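Only one structure is covered here, and it is reproduced in the block below.
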Amino acid sequence: MYDIPDPTHGFEKAALAFMMYAGLALCVGAGAVWLGASYQIGLIAFCIAAIVLLGVFVPIFRRLIPDRVNHD
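Under numbering that gives the first Met the number 0, the sequence shown has 22 at position 23, and the numbering climbs by one with no breaks.
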């Protein structure tokens, strides 16, 4: 009867950017293990990469997330 927008409408690009962010951090952690580091070092590398990549991806996330001006 009424056209109600999907709550995720407009977030596709932000979701794709988040998947890239998580994938890059995961690749750093998996790469550390592949190069011979222990799993604990791989986990630490993953966490450090995730924190460092936040500085790059947070401005991208802010730009890609749509404004919700008329949101109740």
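We put the beta carbon where it would ideally sit given N, CA and C, even for glycine.
Please read these numbers as outputs of a predicted model, since none were measured by experiment.
Closer than 6 Å by C-beta to A49: which residues in its own chain qualify, once you throw out the five before and the five after it? Chain order, please.
Translated into the one-based positions of the sequence shown, residue 49 becomes position 50. Around A49: A24.
Can you round the beta-carbon distance between G28 and F45 to whole angstroms, since I take them to be within the 8 Å contact cut?
One-based indexing of the sequence shown puts residue 28 at position 29. One-based indexing of the sequence shown puts residue 45 at position 46. Rounded, the Cβ-Cβ distance is 3 Å, consistent with contact.
Rounded C-beta distance between K12 and L53? I'm assuming under 8 Å.
Here residue 12 refers to the residue found at position 13 when the sequence shown is read from its first residue. Here residue 53 refers to the residue found at position 54 when the sequence shown is read from its first residue. The Cβ separation is near 18 Å, so there is no contact.
Going by other Cβ atoms of all chains shown within 10 Å of its Cβ, with 16 needed for buried, is A14 buried or exposed?
By 1-based counting over the sequence shown, the position of residue 14 is 15. Result: exposed.
Express the C-alpha separation of Q39 and V51 in angstroms, rounding to a whole number.
Taking the first residue of the sequence shown as 1, we reach residue 51 at position 52. Taking the first residue of the sequence shown as 1, we reach residue 39 at position 40. Going from the Cα of V51 to the Cα of Q39 covers about 18 Å.
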